[in-house]
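What follows is a short report on a single structure.
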Amino acid sequence: MAKEPTEVQTTIYEGFEGDRKEVQTTVPVLDPHELLDYLQTECKLVCPLEKVRKYWKHLRENGNPFALAFPGSDSHVPFTIYGDELTLGKDAKDKVTGIFLQLTLFKPRAARQGMWLICAVQDAVMVHDNMQTLKPLLEHIVWSCNLAFEGRYPCVSKDGAPLGGLKAQKAGAEFAGGARFACCEYRGDWKWHERTLRLLRTPVSKKCCFLCDAEATDNALRYYDVADGAAWRTTQLDTNGFLAKAIRPGVQSLLAMTAFSKWFSGNEAMLHLLEQSHKWRILPRIQVITHATPIASLEKMPWGG
Numbered sequence: 010m011a012k013e014p015t016e017v018q019t020t021i022y023e024g025f026e027g028d029r030k031e032v033q034t035t036v037p038v039l040d041p042h043e044l045l046d047y048l049q050t051e052c053k054l055v056c057p058l059e060k061v062r063k064y065w066k067h068l069r070e071n072g073n074p075f076a077l078a079f080p081g082s083d084s085h086v087p088f089t090i091y092g093d094e095l096t097l098g099k100d101a102k103d104k105v106t107g108i109f110l111q112l113t114l115f116k117p118r119a120a121r122q123g124m125w126l127i128c129a130v131q132d133a134v135m136v137h138d139n140m141q142t143l144k145p146l147l148e149h150i151v152w153s154c155n156l157a158f159e160g161r162y163p164c165v166s167k168d169g170a171p172l173g174g175l176k177a178q179k180a181g182a183e184f185a186g187g188a189r190f191a192c193c194e195y196r197g198d199w200k201w202h203e204r205t206l207r208l209l210r211t212p213v214s215k216k217c218c219f220l221c222d223a224e225a226t227d228n229a230l231r232y233y234d235v236a237d238g239a240a241w242r243t244t245q246l247d248t249n250g251f252l253a254k255a256i257r258p259g260v261q262s263l264l265a266m267t268a269f270s271k272w273f274s275g276n277e278a279m280l281h282l283l284e285q286s287h288k289w290r291i292l293p294r295i296q297v298i299t300h301a302t303p304i305a306s307l308e309k310m311p312w313g314g
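Under this note's numbering, the first residue of the sequence shown carries the number 10, and numbering increases by one thereafter.
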């Protein structure tokens, strides 16, 4: 089932720099809900239930607002969506933006065994203005993530069209073993967060922090002032400040579009991710394997939690 991607319509550039136009095309996306069910049924990659319960218990005991407001059960298996820009070959300009899925508690020795590519787009053809290329792809992924939360295959496509092929055969079926999943982490490098959250402030701009007014200068707001009385400490942004100063106006950012969690809406989703952003980690670039790559000795691979 996970071998049949969904063709998602989006906008890309056609032609060469200086003489190109925007055109409609489709990009194959491996639906997260199908991939998650495939991993447990075909790859036998099943997270031990006690590890899942321990995960949620630990978050609640430590006052994590996401876990405290979580409407699901302690058996919802956590997973991660991760975005990154990758370089192909030796040409530093030949880049691809990839979106990956990880099982949050799966900790194999080789990191490449724990990442699965959902979709990829060559950076040179992406229309970054108003997220014209990424937005339809992300909206489809959000829809699929919510199906994973319910633990059931859809009866129609995202746009309400009838399903065909293998997808129609699974219509309305529950996941194997009654499994359900929850997207609990959203990760990426700084460029990924800049694009999807529509950040105005980045590590390479003068205003280099999206959580305060720290600057990449030698002035009073210099970011490298780590003293208790550093000037930037009094400029940390609340939610309203973040909305007004740190993100681009216009099209919704991923924060506003996301129903990754149906239990956050509007500015509540923005506030939640703003709070969690203090904990974001930039992951190292790693080799990627596809969903079809065989995984050896799964029973010996460790699960965190």
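All C-beta atoms, glycine included, are put in the ideal place defined by N, C-alpha and C. Predicted model, so just to flag it, every value in this text is computed and none were measured.
A188 in three-state terms, based on DSSP:
Three-state result, A188: coil.
Could you spell out where the beta strand (DSSP E) holding K53 opens and where it closes?
Careful: K53 lies outside any beta strand (DSSP E) and carries neither H nor E.
Excluding five sequence neighbours on each side, which residues of the same chain lie with their C-beta closer than 6 Å to the C-beta of G81?
A191
Going along the chain, which residues of its own chain have a beta-carbon closer than 7 Å to the beta-carbon of K200, five neighbours each way excluded?
A distance below 7 Å between beta-carbons, with the five flanking residues on each side excluded, links K200 to the following residues of its chain, in chain order: E94.
I'd like the list of long-range same chain contacts for I21, defined as Cβ closer than 7 Å, with 5 residues on each side in sequence excluded.
Cβ within range, chain order: V32, T34, V134, M135, V136, T142.
Determine the contact status of A157 and H42, defining contact as a CB-CB distance below 7 Å.
yes
Taking just the CA atoms, how far does R231 sit from H221?
According to the sequence shown, residue 221 is Cys rather than His. Going by the C-alpha atoms only, they are around 11 Å apart.
Would you list, in sequence order, the uninterrupted beta strand (DSSP E) runs of no fewer than 3 residues that lie entirely inside the region 70-110?
Listed in chain order, the complete beta strand (DSSP E) runs (minimum 3 residues) inside the region 70-110 are 86-96.
V151: first and last residue of the uninterrupted beta strand (DSSP E) it sits in:
No beta strand (DSSP E) contains V151, which is instead part of the alpha helix (DSSP H) from 143-159.
Between which two residues does the alpha helix (DSSP H) containing T248 stretch?
248-254
Apart from the five residues on each side of it in sequence, which residues of its chain come closer than 6 Å, Cβ to Cβ, to L48?
L54
Quick one: grab the DSSP three-state call for K271.
Unreliable positioning characterises K271 in this predicted model, as indicated by a pLDDT of 47, which lies under 50. A coordinate reading is not provided.
Between the C-alpha atoms of A240 and A223, what's the straight-line distance to the nearest angstrom?
8 Å
Are three or more beta carbon pairs between the region 203-210 and the region 248-257 nearer than 8 Å?
yes
If distances are taken between C-alpha atoms only, which option among M140, I108, H149 comes closest to R204?
M140
If the criterion is Cβ atoms closer than 7 Å, does the pair V36 and C164 meet it?
no
Can you give the Cα-Cα distance for K60 and A119, rounded to whole angstroms?
20 Å
Classification of F109 by the beta-carbon crowding that lies within 10 angstroms, buried from 16 upward:
A residue is called buried when at least 16 other Cβ atoms come within 10 angstroms of its Cβ; F109 meets this threshold and is buried.
Per DSSP, T205 is paired with what?
Per DSSP, none; premise fails for T205.
Are the beta-carbon atoms belonging to V17 and P145 less than 7 Å from one another?
For V17 and P145, yes; Cβs fall inside 7 Å.
Identify whether Y22 lies in helix, strand or coil by the three-state DSSP scheme.
strand
Can you list, in chain order, the residues of its chain whose CB lies under 8 Å from that of C218, leaving out five sequence neighbours each side?
R210, Y232, W241
Do you know offhand how far D168's Cα is from W152's?
10 Å
Taking the straight line between their C-alpha atoms, what separation do you get for R196 and G173?
32 Å
Return yes when the Cβ of L112 is within less than 7 Å of the Cβ of F88, no when it is not.
yes
Can you tell me whether L230 is helix, strand or coil according to DSSP?
coil
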